[in-house]
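In what follows, a single structure is set out as structure tokens and then discussed.
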Amino acid sequence: MRAEVVVVGGGITGVAVAYFLAERGFERVVVFERSYLGSGSTFKCAGGIRASFTSREHIVLMKRSIELWGELSRRLGIKYARSGYLWLASREEDLERLKRYSSIHNQFGVSTRFVEPGEVEEMAPALDTSRLVGALYDPLAGKASPFDAVHKLYLASREMGVEYRFEEVGKILVEGGAARGVASSGGITEAESVVVAAGVWSRQLLEPLGVSLPVEPEPHHAALTEEYGRLFDPLIIDLESGAYAVQTFHGHVLMGVEIPEQPSWEPGERLAFLSKVVRVWSKWLPWLPSANILRYWVGHYEVTPDHHPVLGPVGSIENLFVATGFSGHGFMMGPVVGEELASWVASGAPRTEEAAHLTLRRFEEGRLIKELAVIG
């Protein structure tokens with residue numbers, strides 16, 4: 486039987502696209518994943534969710550995504566908490582950056598505000614505030630469990646008829662200038678439309694079609710401590726280093742920080758990361774050197790030149806759509822991207838003007854979008 490839509494990639498983006506397509510009434514949606522659901526970037530992320538960006542596109546889309554996270558949590562039981570983000574400044578120049586960020590947030594209806602050390606200590610009792618010059622709090626932000634989100638969306642989409650195949654897609658089939666399906670390790674699957682949501686590997690799938698995706702596989706590292714009781718509620722960010730830390734729903738502390746890396750399809754572990762992440766966070770969490778690090782991993786950000794995703798139709802090929810290049814923000818954008826791509830496939834247009842700004846065409850026309858608040 487011919488599929489209405491084939492989705493390539495079983496991370497949060499692909500599963501969310503399938504869910505919203507099924508919700509729109511598509512009866513024959515097939516998702517292809519070469520490993521297990523979430524096996525790419527999704528299950529390696531911190532689970533943070535925020536609209537406190539500095540571009541209109543990010544802010545508008547993420548405000549909608551936060552609405553959808555709340556709806557999906559109530560409807561499907563996804564573990565989600567609007568526990569906030571806390572941006573920490575230990576230098577005056579960082580405080581000035583936060584003031585610029587907050588002005589942009591407030592302009593677009595994201596009510597970030599500066600908080601005193603006493604309020605910081607209430608939100609984050611395990612945090613040492615002696616170095617604090619200023620702190621910006623985002624009450625709209627929060628976190629969700631990547632594992633729970635993918636699992637619940639998978640179950641709900643299957644109930645609506647979405648089919649999942651654990652096969653590797655080797656080729657997008659194109660005939661007469663239009664996508665006609667995919668060739669996978671299990672054979673040929675014809676389709677009316679194809680959505681490529683395969684993270685950094687989207688580039689490899691589209692290159693043979695003459696489509697150049699400006700996406701680089703940038704390695705990023707994360708570490709997880711043993712479980713603790715309540716340490717801090719918001720996801721916390723050290724603005725000086727760009728490091729983040731979040732306490733998971735199970736009580737672990739998940740931490741990340743940037744280290745110098747070159748783009749790589751097969752990134753490896755780096756002891757330099759463990760040394761730096763502990764050094765940075767020990768300044769704020771003085772008990773950290775005595776903690777046990779249970780796990781450490783490395784994954785990919787699929788990074789575009791302007792740190793915004795590539796969404797929507799591939800102009801040179803009809804019925805072919807892409808959703809990639811999230812530059813570390815793919816998990817939080819999952820619901821809104823699913824909704825926007827489902828609209829594009831169903832009606833030929835996205836729901837919002839902001840999504841329409843994020844097509845591949847912007848790179849061809851030199852219309853890059855500026856984002857200041859990139860962390861991780």
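The sequence shown runs 486 to 861 under our numbering. For glycine and all other residues, C-beta sits at the position ideal for the given N, C-alpha and C.
Cβ-heavy atom distance, residue i to the ligand HEM, below 8 Å
i           : result
alanine 757 : For the structure depicted, the ligand HEM is absent and the ligand set is empty, with no information on it obtainable.
Pairwise C-alpha distance: residue j and residue i
i              : j              : result
valine 618     : arginine 585   : 16 Å
glycine 523    : isoleucine 497 : 7 Å
valine 595     : threonine 837  : 18 Å
methionine 608 : proline 719    : 7 Å
alanine 611    : glycine 800    : 51 Å
glutamate 648  : glutamate 725  : 45 Å
histidine 785  : glycine 815    : 11 Å
valine 763     : glutamate 850  : 43 Å
lysine 768     : lysine 628     : 24 Å
arginine 549   : serine 760     : 38 Å
glutamine 592  : glutamate 577  : 23 Å
methionine 740 : serine 687     : 27 Å
proline 631    : proline 794    : 19 Å
serine 669     : glutamate 652  : 6 Å
lysine 529     : alanine 707    : 8 Å
leucine 716    : threonine 597  : 22 Å
tyrosine 781   : leucine 756    : 10 Å
serine 587     : alanine 676    : 45 Å
valine 491     : leucine 773    : 46 Å
tyrosine 570   : tryptophan 766 : 16 Å
leucine 445    : glycine 810    : The structure shown does not extend to residue 445, since the chain is modelled only from 486 through 861, so no value can be given for it.
aspartate 633  : glutamate 604  : 31 Å
Residue closest to residue i, alpha-carbon to alpha-carbon, out of the options
i                 : options                        : result
isoleucine 802    : Ala663, Ala858, Glu711, Ser596 : Ala663
glycine 666       : Met818, Glu824, Phe517         : Phe517
serine 775        : Val783, Lys656, His842, Thr710 : Thr710
histidine 583     : Gly727, Pro820, Met818, Gln747 : Residue identity check: residue 583 is leucine in the sequence provided, not histidine. If we check each option's Cα against that of leucine 583, Gly727 comes out closest.
glycine 494       : Thr614, Val635, Pro790, Ala566 : Val635
serine 568        : Glu542, Ser588, Phe528, Pro624 : Pro624
phenylalanine 806 : Lys628, Leu690, Ser642, Val600 : Leu690
glycine 487       : Leu694, Ala682, Ser678, Ala536 : A quick correction: the sequence has arginine, not glycine, at residue 487. It is Ser678 whose Cα lies nearest to the Cα of arginine 487.
leucine 553       : Arg643, Leu716, Ala501         : Ala501
alanine 683       : Val600, Val654, Val696         : Val654
aspartate 613     : Val490, Glu556, Pro771         : Pro771
Proximal residues to residue i (C-beta, below 7 Å), its chain only, five neighbours per side dropped
i              : result
lysine 637     : Leu561, Gly562, Ile563
histidine 792  : Ser812, Glu856, Val859
glutamate 701  : Pro748, Val788
glutamate 839  : Arg541, Glu542, Val545, Leu546
serine 615     : none
proline 835    : Gly797, Glu825, Ser828, Trp829, Ala841
serine 642     : Val500, Ala503, Tyr504, Ala507
isoleucine 890 : Missing from the structure shown is residue 890; the chain here goes from 486 to 861 and no further.
Assigned exposure category for residue i - 16 Cβ within 10 Å defines buried
i              : result
proline 798    : buried
tyrosine 622   : buried
tyrosine 504   : buried
glycine 661    : exposed
lysine 656     : exposed
tyrosine 565   : buried
tyrosine 729   : buried
histidine 705  : buried
serine 526     : buried
histidine 590  : buried
tryptophan 572 : buried
leucine 845    : buried
leucine 779    : exposed
serine 558     : buried
serine 537     : buried
tyrosine 521   : exposed
asparagine 777 : exposed
Residue i - DSSP class collapsed to helix/strand/coil
i                 : result
arginine 650      : strand
phenylalanine 538 : coil
threonine 597     : coil
isoleucine 722    : strand
alanine 683       : coil
histidine 590     : helix
leucine 843       : coil
alanine 609       : coil
alanine 664       : strand
arginine 585      : helix
glutamine 732     : strand
proline 771       : coil
histidine 705     : strand
arginine 780      : strand
Own chain partners of residue i with C-beta closer than 8 Å, once the 5 adjacent residues on each side are dropped
i              : result
isoleucine 673 : Leu658, Gly666, Val667
glycine 646    : Ala507, Glu512, Arg513, Val514
glycine 714    : Gly736
alanine 831    : Leu506, Arg509, Phe511
6 Å Cβ shell around residue i - same chain, five flanking residues per side excluded
i                 : result
glutamate 743     : Gly727
phenylalanine 848 : Pro699
proline 752       : Pro704, Val783
histidine 737     : Leu709, Thr710, Glu712
valine 822        : Thr498, Ala808
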